[in-house]
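Report on one structure; see the data block that follows.
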Amino acid sequence: MHRERFTDPGRRRGRAMARPLGWSVAAIAAVLASTGASVLALPAVPVPPENPMTEPKRVLGKILFWDEQLSPSLNMSCGTCHQPGIGGSDPRLAVNPGPDNLVSTPDDRVTSFGVIRSDASNEYIIDPVFGLNRQATPRSANSTINAAYAPSLFWDGRATSQFIDPETGQIAIVSGGALESQAVGPIVSAVEMGHEGLNWTQVRERLMRSQPLALSSNIPADVQAVLNASPKPDYPELFRRAFGDTDITAKRIAFAIATYERTLIADQTLFDRYQAGTATLTQQQQQGFNVMPGANCTTCHFANNLVWTDHSFRNVGLRPDAEDRGRGAITGNPADDGKFKVPTLRNVALKKTFMHNGQFTTLAQVMNFYAQAPLVNPAPPNRDPLMRNTGLSAANQAAVVTFLTQALVDPRVANQTFPFDRPTLYIDRAALQPVLIPGGAVIGTGGVASRFIADSPALIGNLDYRLGLETPGALVGAQAMLIVASQAPVGGVLTPDKVLPPVIVKGSLSTAGTATVKMPIRPGTYADGQEIYVQWIIPDANAPGGETRSDILKVKFFCSSFGCPPSCPADFSHDGQIMVNDLFAYLDAWFAVESSADIDGMVGVGVSDLFYFLDLWFAGFGTSC
Numbered sequence: 004m005h006r007e008r009f010t011d012p013g014r015r016r017g018r019a020m021a022r023p024l025g026w027s028v029a030a031i032a033a034v035l036a037s038t039g040a041s042v043l044a045l046p047a048v049p050v051p052p053e054n055p056m057t058e059p060k061r062v063l064g065k066i067l068f069w070d071e072q073l074s075p076s077l078n079m080s081c082g083t084c085h086q087p088g089i090g091g092s093d094p095r096l097a098v099n100p101g102p103d104n105l106v107s108t109p110d111d112r113v114t115s116f117g118v119i120r121s122d123a124s125n126e127y128i129i130d131p132v133f134g135l136n137r138q139a140t141p142r143s144a145n146s147t148i149n150a151a152y153a154p155s156l157f158w159d160g161r162a163t164s165q166f167i168d169p170e171t172g173q174i175a176i177v178s179g180g181a182l183e184s185q186a187v188g189p190i191v192s193a194v195e196m197g198h199e200g201l202n203w204t205q206v207r208e209r210l211m212r213s214q215p216l217a218l219s220s221n222i223p224a225d226v227q228a229v230l231n232a233s234p235k236p237d238y239p240e241l242f243r244r245a246f247g248d249t250d251i252t253a254k255r256i257a258f259a260i261a262t263y264e265r266t267l268i269a270d271q272t273l274f275d276r277y278q279a280g281t282a283t284l285t286q287q288q289q290q291g292f293n294v295m296p297g298a299n300c301t302t303c304h305f306a307n308n309l310v311w312t313d314h315s316f317r318n319v320g321l322r323p324d325a326e327d328r329g330r331g332a333i334t335g336n337p338a339d340d341g342k343f344k345v346p347t348l349r350n351v352a353l354k355k356t357f358m359h360n361g362q363f364t365t366l367a368q369v370m371n372f373y374a375q376a377p378l379v380n381p382a383p384p385n386r387d388p389l390m391r392n393t394g395l396s397a398a399n400q401a402a403v404v405t406f407l408t409q410a411l412v413d414p415r416v417a418n419q420t421f422p423f424d425r426p427t428l429y430i431d432r433a434a435l436q437p438v439l440i441p442g443g444a445v446i447g448t449g450g451v452a453s454r455f456i457a458d459s460p461a462l463i464g465n466l467d468y469r470l471g472l473e474t475p476g477a478l479v480g481a482q483a484m485l486i487v488a489s490q491a492p493v494g495g496v497l498t499p500d501k502v503l504p505p506v507i508v509k510g511s512l513s514t515a516g517t518a519t520v521k522m523p524i525r526p527g528t529y530a531d532g533q534e535i536y537v538q539w540i541i542p543d544a545n546a547p548g549g550e551t552r553s554d555i556l557k558v559k560f561f562c563s564s565f566g567c568p569p570s571c572p573a574d575f576s577h578d579g580q581i582m583v584n585d586l587f588a589y590l591d592a593w594f595a596v597e598s599s600a601d602i603d604g605m606v607g608v609g610v611s612d613l614f615y616f617l618d619l620w621f622a623g624f625g626t627s628c
């Protein structure tokens, strides 16, 4: 069998260049040593000197990357859209309608889900395209695995090597900070993870009062060991260990997440072992590998020291440039219109969609595109001159797919083992999701029932818990009420234990209306596993009895995997009421670092306890426990 080794005379030069820049892979190597990882095929991971690798920073970054509490909705993490088992991309297939804002038209894109649109107060609002459904991002999620080698990130390269601190506007990393630049974008994006007007002060305050990974289960062993230590650390303590003090900043969040991502290096594929002379390829795998250079595949995908991408931006003529300018929107240069970053082929076979717009769902479709696209007439004006008929037969196309699928997938990535292990997220835990119980709806105006919006986790201690309503636009201005019952409905009818104060339906008379009720889940109010039933009631002259009703929603409350917070901690004087005296009593105990001030479920008195108490005190002031 013909065997061809890939050699790169620039590889040694690349390693040598890293040293003068102060870049080191020593810390990464130490982290990966326990896995038996080999960097035989890949170059040293570039590490900017402004953000050196440390173990406390890596662990903090891993926690932040997977913590859904980083989003105001508490249901979206970085890892939600970048799962290792899917090649570092998104298993969910969302449809973005493209520039025409119409679904099922040629410019549709298969991308990633974001969050339901919310205003600056984190109340649901109607999106013109997606309504009160999750928004779909404009492009598919690219892989975070081996992204440490990229000089820029995102499909259009807007996350640059120079990292600018988003809070100060100062240069935080001169060069090599693409991962840091990328990390800060989605967190405050009103489409991906945030809400309109979200700022870093709000992100900081939420982390200070949050128990790390409170919404997750099956937490990876390296993280579990840190979070289970005594005293149990909160976020300020984790930042102190990583950076020397408890300040939580956007820059430090970016530094920690990027440090974690620099350890996500996939270099244990069959091809890597083949390169090292410790494994062989099957005949079909070898055939696929051998035909790739002649088909121009390796011009873009087999460069830069076996990273399997040259990190360039190319217009392959996938769709009209007017649909998405890509790189051109960043540079302002019309010659860059329709150009997108060349992705790595490592672990590409694990992805659910391919290309920046998710146009293809199989590698066979991709191969066929490259065999046929050069024949399209007329050609896009900016199409790369390298685009030509690949000349690959169906058998050779199949062989390339076999090579990518069998020889270029790291089994640790596919199986999500260290360092690619991950916790189970709230959105993955079906037993904790709210359940609609049909049969209780009363149809009114528009001939439809009002709809529940329920994306917030019923975590005991979640003071940002919310429930939403979608109504026909004709009901805008009405006073909607949420009824709450402890018993299941009988014959589609609830017997309420309480009725929450009404909220005004907002929106457009010509489209739809929405309302939001915020229900802080204070400790002691509900028990772990307890269920309630809720239903919206809206005055409606066109409904039987003068009111329309939504279906009934069953909500199940739960505690974090680290336990439940103590009951009614805001009643610090234990007189059964939450009043001013409780605030002064708590402040005295907190400043004295008394054990009684430790109320957030984590061992030790810290800043998170204070924020947690203040939230509870303000939410419950004047009420009885």
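Per the working numbering, the very first residue in the sequence shown carries number 4; after that it's consecutive.
Ideal Cβ placement from N, Cα and C applies to all residues, glycine included.
{"Check": "What does DSSP give as the partner residues of Lys501 in its beta bridges?", "Outcome": "Val487"}
{"Check": "Checking 8 Å against the spacing of the C-beta atoms, do Val187 and Pro169 come in under that value?", "Outcome": "yes"}
{"Check": "Roughly how many angstroms separate the alpha carbons of Gly90 and Leu353, rounded to a whole number?", "Outcome": "5 Å"}
{"Check": "Could you name the residues that DSSP lists as bridge partners for Glu534?", "Outcome": "Lys559"}
{"Check": "Using DSSP with H/G/I as helix, E/B as strand and the rest coil, what is Trp158?", "Outcome": "coil"}
{"Check": "So for Ala452, helix, strand or coil by DSSP?", "Outcome": "coil"}
{"Check": "In terms of residues, what are the limits of the alpha helix (DSSP H) holding Lys60?", "Outcome": "Glu58 to Trp69"}
{"Check": "Helix, strand or coil for Leu439, going by three-state DSSP, please let me know.", "Outcome": "strand"}
{"Check": "Checking 8 Å against the spacing of the C-beta atoms, do Arg425 and Gln185 come in under that value?", "Outcome": "no"}
{"Check": "Kindly confirm or deny that the region 53-65 and the region 235-248 touch, where touching means at least three C-beta pairs closer than 8 Å.", "Outcome": "yes"}
{"Check": "Name the one or two DSSP bridge partners that Ser570 has.", "Outcome": "Partner(s): none; Ser570 has no beta bridge."}
{"Check": "Taking only the alpha-carbon atoms, compute the straight-line gap between Leu478 and Ser115 and give it to the nearest angstrom.", "Outcome": "32 Å"}
{"Check": "Beta carbon of Val416, beta carbon of Asn350: below 8 Å?", "Outcome": "yes"}
{"Check": "Nearest CA to the CA of Ala123: which residue from Asn299, Thr266, Ile222 and Gly197?", "Outcome": "Gly197"}
{"Check": "For Val118 and Val98, I'd like the C-alpha separation in whole angstroms.", "Outcome": "14 Å"}
{"Check": "At the level of alpha carbons, what is the spacing between Asn299 and Ala332?", "Outcome": "27 Å"}
{"Check": "Roughly how many angstroms lie between the CA atoms of Asp327 and Leu439, to the nearest whole one?", "Outcome": "38 Å"}
{"Check": "Where Asn545 and Gly447 are concerned, what is the direct C-alpha to C-alpha distance, given to the nearest angstrom?", "Outcome": "5 Å"}
{"Check": "On the DSSP bridge assignment, give the partners of Asp130 in chain order.", "Outcome": "Gly134"}
{"Check": "How about Val502 and Ile486: are their beta carbons less than 8 Å apart?", "Outcome": "yes"}
{"Check": "Just the Cα atoms here: how many angstroms apart are Pro323 and Pro388?", "Outcome": "16 Å"}
{"Check": "Given this structure, state the Cα-to-Cα distance separating Phe565 from Ala217, to the nearest angstrom.", "Outcome": "7 Å"}
{"Check": "Whole angstroms are fine: how far does the CA of Gly64 sit from the CA of Trp593?", "Outcome": "29 Å"}
{"Check": "Less than 7 Å between the CB of Gln288 and some heavy atom of the ligand ATP, yes or no?", "Outcome": "Because no ligand of any kind appears in the structure shown, any question about the ligand ATP cannot be addressed here."}
{"Check": "To the nearest whole angstrom, what separates the beta carbons of Trp620 and Ala573, a pair I think is in contact under 8 Å?", "Outcome": "5 Å"}
{"Check": "Determine the burial state of Pro236: buried for a count of at least 16 other Cβ atoms within 10 Å of its Cβ, exposed for fewer.", "Outcome": "buried"}
{"Check": "Near Val610, which residues of its chain fall below 7 Å by C-beta distance, leaving aside the five closest residues on each side in sequence?", "Outcome": "Met211, Pro239 and Thr249"}
{"Check": "Would you list the residues sitting across from Pro3 in a DSSP beta bridge?", "Outcome": "What the structure shows of the chain is the stretch from 4 to 628, and residue 3 is not part of that stretch, so it cannot be assessed."}
{"Check": "Between Trp311 and Thr347, is the Cβ-Cβ spacing less than 8 Å?", "Outcome": "yes"}
{"Check": "Three-state secondary structure (DSSP) at Phe363?", "Outcome": "strand"}
{"Check": "Alpha helix (DSSP H) containing Asn399: first to last residue?", "Outcome": "Ala397 to Ala410"}
{"Check": "Tell me which same chain residues have a C-beta within less than 7 Å of the C-beta of Ala515, skipping the five on either side of it?", "Outcome": "Ile129, Gly134, Glu473, Thr474, Pro475 and Gly476"}
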